[in-house]
Structures are given as C-alpha cells and as structure tokens.
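Contents: one structure, followed by commentary.
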Amino acid sequence: MVIGTFFLNGFRRMQIGSLSAARQIRGIRLGKLRWQSGVICLLICTTVLTATLVASGLYHIYFDRTNLPDIEPFARFEFPTIGHVYDANGRPLIEMAREYRRNITYEDIPPIVREAILAAEDKNFFTHSGIDYTVIPRVLGKVRIGTLAARLTGLKRQDEVNSSAIFPHGGSTITQQLVRGYFLKDLTVFQNMTGEENSNQLRHGELLPRVLSYFIGSRSVNMLVRKLEEIRLSLWVENRMEERFGSKRRAKEEILARYASLIYMGSGQYGFAAAAEYYFGRPLAILTAQDADKAALLAGIAKSPRYYAPNANNTERVLLRRNQTLALMAANGFISRDRMKEAEQRPIQTAVRRKNKAPLGSAVVGNVLEELKRLHADLGIEDLLQGRIQVHSTVDARGQQIVNEALEHGLKLYENRHPRTKGLIQGSVVVLRNHDASILAEAGGRQRYKDRSTSYMDLNRVTQSLRQPGSAMKPIVYLAAFQQGTFNLDSMVPDEPIGVPDGGNQDMKWISNYDGQFKGMIPIREALAESRNTVAIWITEQIGIDSILRTARSLGVQTPLKPFASTALGASEVNLLELANAYRTMASGIFAKPHVIRKIVCDSGDVAVDNEHGSPPVSVDDHALSLIQEGLRGLVRMPTGTAHSLDSIRFPIPVMGKTGTTNDFRDALFVGSTYGTEGITIAVRIGFDDNRSLGKKETGGRVALPVFKEITLRVYRERIAGPAPEFPAQMEQSINDYLRSGSAEG
C-alpha cells in the first residue's frame, strides 16, 4: 500500500513537471518571437527616423532660406577690434578691447602663413563651395556606432550633461569654422540643465528635436543641429560673398581674411595678426618663407588654442603640433622636404613679455570715458572696447611718460626719508596747455600701487579726489582783492595775530604763520611770497568771503566752496584739475574748460565729435591778472619766497607758482605755470589716501616742488612744449626794482 502510494505520487509529480516544462518552452518561443518583432519594429522606426532626419537635413541645408542672419556686417568686415586712445600726434596711447583683435586683409597675410592655414585646416579651401565632401567618409567613420546602438536599444541611458557625444568633432572647412564663430556662437537647442528642467524643455520643444533627444541625448542633438546649420550657412555665405565680390576667387580671399582675423588664438588674442605680435613680438606682415616654423605654429593653434597656444608648460605639445603642420605643408607641396626638416629643428621661441606692464595713461582713459559721456550720450566704453570708435586725445605720449616718471621719482625721494611708507604714498599730476585748457598729460596715481598695475577703473586723483588745497588757495584770495581795485602788490597789510570764528562755537580760533612769527605791516607781494596766513585772513575780512567764492568760480573752480574765512587758507576741498585750471586762467588771461578729447572717429570714418574748436575763451580783467601774475612770479624770484629754488642757473625756465601745505602736513602741493597763452600749467599733489600726515616739515616746497621742476625741465628740454615764454619785461623790472629797494629780506 505504501509502495503503491509512493509510485502514484511520483507519477503525478512527473506529469506536473512535464506540463510545466511545456509551458516554459512555449513562453521562451513566444518571448523570442516578441523580441524579434521588437527588433524589426525598432529597425523600421530607426530607418524611418533616419530617412526623415536625412530628408529634413538635406531640405534644410539646400532649400530652406528662412531665418538667415544679416550678411552685411560680415561682408563689410564689421568684426569687434581694438579701440585706441591716440595721443595728440596720432600715436597709440592705450589699447582697449573685449577681444584683442587686429582685422587684416587677404593681402596682409604673408603667403607662407596662408599656406600653413590651408595645410592645417582646409587644403581644398579654394575649390569647394563651403563644404568639403571628400572628408565626409572620414568623419562618418568616426561616428561612435556602439554608443548610438546602446542608446537606441535602451541598454544605456544617458546623463544629459556628462554623456559622451555620438558625433565626432573635426572635418570642418575654414568657412564652417568662420560661420561657427561668427554666426552660431549662441545656437543651442537644449541648454545644460537638470533632468527635470531638460524634460520640461523636451515636452515644450519642437517635435523632431524632442524625439531625437529621447534616443540620442540632448548633447548629441545640439551638436547635430549646430552642424546642420553650420553646413547650411557655409553654403549660403560662400554664395552671397561670391555675388558681392564678383568672383569665387575673390570671395574665397575675403573669407580667408575674415577667418584669419576672427579665430581665437589663445592667451586672449584673436586673429593671426594679434597672435604674431603677442607670441613673436613682430608684425604678421613681415613673416617670410624663412619663417615656416612660425607660420606652422600659428596655424596649428587654431585646432585647439587651449592645448596648442605656446606657454611655459606645453612646449613639447606645441612643438609636436607645429611639426605636424610642417609635415602637412610639405605633403601638400607648399614647402620642400628640406625646408620642412630645417624648420623642424628650430626650437619654440616666443617673445619675452613683461608681466603686468602698467598702461602709460590709465588716468587719461578714465578721464576720456567721463568726458565721452558728456560729449556724446550715445557713445560709451562698450563702443571703445568693441573698436567701434577711436578716440584722439589732447595728451602727448612723451609728456605722459615724463609725468609718470617724475611723479615716481618724487615719491621715491619721500620714501627714502620715510622708509616705512614705501609703496603707500600716493600722488597726482596734471599738465594743461594754457591757451585752451587741453590736458597735455595727467597721472591719477602711481603706475604700480600695492603690488599691482593701475587701470582706468582705479581712482583718478586728478579728477575724482577732493582734497584741501592749503596755501595754494591764497592767490585766488589776492586776485579777488585786486579785482576790487583797492589793493595792489605794494599795498601795506598787517601781519599780526588775528582770530576767526571756530565753526559754530563762540570761541575764536587764532591764526598763526608757518614760522610762528609776525612781521607787522608788510606789502602784499611779500605776504604772498612768504605765504602769510594772517594776511590772507585779514584780506578776506576786508573784501568778504563771497567775492573770493565768485573769483574762484570765474577761474573754473566748480566744486562748491565753504563760505567761511578758513576757505582763504585752503580749508575747502577741490580736485586737482580745478585748481590747475584756476592757475592756468591766471597765467593766460583766458577762461576755458579742461578737456582731454580732441575728436572721436567712428569705424565708418565719420567724425562723431570734433572738440578741436570748442567755445571761445573768455577774457578776465587784465589789470588784476597782471598783478597776480607778478605776485606769483615774485614768489619765485624773491629770496624769501616759498618757491625761490626755481630761480637759479640750474632751472633756467621762467615760471610762476605757489606752494601748498595743508593742516598737519597731510598734503603737499605745488601749482606753477609758464607765462601767457603759449605756456603750460602743472599741478602736483602728494599725500596718503587715508589722509595721514606726511610728517613735520614735509611741505609743498620740499615734497611736490621737485616733481614740478623735473616735469618742467624735461617738457621744455624735449620740446614737447615751448620754447618757454618770457614774462613781460615791465613785470620783471618791477620785481627787480622791489628787490633792489631793499624792501625784501635777504
């Protein structure tokens, strides 16, 4: 019984097992059939998709003429280039650019460079019509079939940002590269974004890119769309350029010139001309057949500036790429094998470049940009950076160099006396032409400050820094007195203790002189020469502070001055340019507004601004001016004058001027002029940006005067201005008579 039951159960298990096995076999056969059907369906879909894609692509390339860009800027060669600020003699003072580029013509490209470009990038350039069909098989051979198949079958899902591309780079003609860089900079169907953002983009995008992106990834779609558009525009550009220039050959030459001007060449340089100057320190145009190595190096950069632009860390890689280009030049018959071997033996030699070289006139550029806004509301810094305008300034490049050097020399003299201040002391200088107030040179600070070169964006201490002028304000006080007609240089005035209200307090502040002494009754010319504080305050009380403020405005001081007696001693702040212009007006007898722009020329050649013939100068009262001119000339000639060191055989230039020293020796100034409309005016200010003291006895005569002296001597010695005008004989005779009379001490 037990045995029978055992066999019966075993039979049933076998029967059940047989049924299960049969079902499994049928399932396998059904699954296989379904898989085969899926593959067939996928192949059909892929074929249809591919056919649709090919048909759409061909139609888009050869027949679609919608949404074409404007060809005119390209045809007119309107590429962003370098904006220049030129000096008064047409010499470049500074270059500014978003993209450092020099546009060149086909004729500017030496034959050896043309040949290197063609060998490295597009040997069939002059025969194809924008697309080189001979390279298509080579490009198709680089398509990543495995990656494509994996994605189509769903075996590999791609990350939208980091997935590898299916379609290869390379194979582009020169025209395609040019189109890519000029017309297609920002063409992207799908941006790099998160998965959720990309899904939203796909749901709302065009149908074909949406479908393609699902199968091959958004990165590959971007590449495919850009390539199709690149091909379409390349054919169109070549056709339009041929229509415009009349022949295929000339159109090709124009396209090559634009390529050689536009292409990025590493290290911030765009185009072959800028690259040749940067890497070799020489103009592109002078390269000859003997420079095949240099031509090959330049042509080799274009493939990948990141890897092939020369620098200290990639010499071997650059050498390999250069030699590859030389081999291509030889293979295409542009150079002989012997020339190739000889060029391959040459080492990579690039120009030695000074790092962080300070611009010659950074303050000038800042001033130009400020003035540009006032002269032409539609022009600005972007026009200069894009090379759409060129600015011709009033500045003299040699004069600017002199000002920079003289300021640095003066500051180093101070640092030698105060070693702890090295690199911290600052200064500013401006030089004006007397006849029209045009700026001959200006330094808004040191060229290097706190271990870096200055730029036009830094503080311009000539125009943007308001500081007290100190005693340099006193000539304006005396001019106001002379204009009233009750005072002259020989008027006797009291040099004695005098008090002024101390702000809002009832107390009086007693005024003293620098030497702590009082001389009693003295002539005004002596009070001016010796910078007596008490006399300046006494004069102010006699004529009223309002008359002094009016005189300051008539001389060109636009900054509001405080209506207090202390303004007579320089307590009100002004900028250095205003102060210089006031002295210039006193020296010349004419009023004019300071300016740095002579004219602005657009890239079309039209003159946007002509500032050469501005508003006519305004005359000031001649008699009062002659008195202040004689007083400031006497300040130099009188032995007790604060600038008497300028009256010596070693300084043969006749000048007039005034020192200035502010409270607690915070600032030291000197402002001086040569005579009349043919002269110049120079203003110098030395001080710390944090307004700390320069130190005891660090006066305008000691700190600022040496800078003025060096600038004046060199400007006239090098004939940047001049010859130096003489003061009127009658004025010099009047000073001589006073000196001989024994009225002056010493």
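Everything in the sequence shown is counted per my numbering, starting at 65 for the first residue and increasing by one. Virtual Cβ for every residue (Gly too), placed ideally from N, Cα, C.
Please list, in chain order, all residues of the same chain as residue 799 whose beta carbon is under 7 Å from its beta carbon, the five residues on each side excluded. 694, 697, 698 and 701
Check for me: the beta strand (DSSP E) holding residue 159 runs from which residue to which? From DSSP, the beta strand (DSSP E) with residue 159 extends over 156-160.
Could you tell me the distance, in whole angstroms, from the CA atom of residue 555 to the CA atom of residue 543? 13 Å
Helix, strand or coil at residue 772 according to DSSP, with G and I counted as helix: Per DSSP, reduced to three states, the secondary structure at residue 772 is helical.
On the three-state DSSP scale, how would you describe residue 315? helix
For the beta strand (DSSP E) holding residue 586, just list the boundary residues, first then last. 584-587
In the DSSP assignment, what are the bridge partners of residue 724? 733
Where does the unbroken alpha helix (DSSP H) through residue 538 begin, and where does it stop? 538-547
Spatial neighbours of residue 609 within its chain, please: CB distance less than 8 Å, with the 5 preceding and 5 following residues excluded, ordered by chain position. 627, 628, 629, 631 and 632
Which residues in the same chain have their Cβ closer than 6 Å to the Cβ of residue 258, if we skip the five residues on either side of it in sequence? Reliability of the predicted coordinates at residue 258 is poor, the pLDDT of 42 falling under 50, and no value is obtained from them.
Residues bridged to residue 505 [DSSP beta-bridge criterion]: 495
Look up residue 457 in the DSSP assignment and give the residues it is bridged to. 661
How would you label residue 574, buried or exposed, when you count the other beta carbons within 10 angstroms and need 16 or more for buried? exposed
DSSP bridge partner residues for residue 674 (one or two, in chain order): 663
What are the boundary residues of the beta strand (DSSP E) that residue 557 is part of? 556-559
Does the segment 360-371 come within contact of the segment 142-152, defined as at least 3 CB pairs closer than 8 Å? no
Exposed or buried, residue 190, counting other C-beta atoms within 10 Å across all chains shown (16 or more means buried)? exposed
Tell me which residue opens and which closes the alpha helix (DSSP H) that residue 343 is part of. Counting along the chain, residue 343 sits inside the alpha helix (DSSP H) bounded by residues 336-344.
Validate contact between the segment 658-667 and the segment 492-506 using beta carbons, cut 8 Å, 3 pairs: Contact between the segment 658-667 and the segment 492-506 is present: three or more C-beta pairs spanning the two stretches fall below 8 Å.
Output the boundary residues of the alpha helix (DSSP H) element that contains residue 246. 238-246
Under a three-way DSSP split, which group does residue 824 fall into? Any question about residue 824 goes unanswered here, given that the chain covers just 65 to 810.
Do the segment 164-181 and the segment 333-349 meet, that is, are 3 or more Cβ pairs less than 8 Å apart? yes
Less than 9 Å separating the beta-carbons of residue 439 and residue 664? In this structure, residue 664 lies closer than 9 Å to residue 439 by Cβ.
For residue 147, report the span of its beta strand (DSSP E) as first-last. 147-150
Kindly identify the DSSP beta-bridge partner or partners of residue 165. Residue 165 pairs with 334.
If I measure Cβ to Cβ from residue 805 and keep anything under 6 Å in the same chain, skipping five residues before and after, which residues do I get? The answer is none, since no qualifying residue turns up.
Could you pull out every residue in the same chain whose Cβ sits closer than 6 Å to the Cβ of residue 197, ignoring the five residues on either side in sequence? Counting only Cβ-Cβ distances below 6 Å, and skipping sequence neighbours, we find nothing.
Who are the near neighbours of residue 468 in its chain, counting only those whose CB is closer than 6 Å to its CB and skipping five residues on each side? 507 and 511
Specify the secondary structure class of residue 520 as computed by DSSP and reduced to three states. coil
With DSSP run on the structure shown, which of helix, strand or coil describes residue 405? helix
Have a look at residue 444 and residue 518 and give me their C-alpha separation to the nearest angstrom. Their Cα atoms are separated by approximately 21 Å.
Extent of the continuous alpha helix (DSSP H) run through residue 437: Residues 426-439.
Taking the alpha-carbon positions, what's the residue 563 to residue 483 distance? 39 Å
Below 7 Å CB to CB, which residues in the same chain sit around residue 242 once its five sequence neighbours on both sides are set aside? 319, 322, 323 and 326
Using DSSP bridges, identify the partner residues of residue 565. 572
Between residue 405 and residue 177, what straight-line distance do the alpha-carbon atoms span, to the nearest angstrom? Approximately 18 Å, taken between the alpha carbons.
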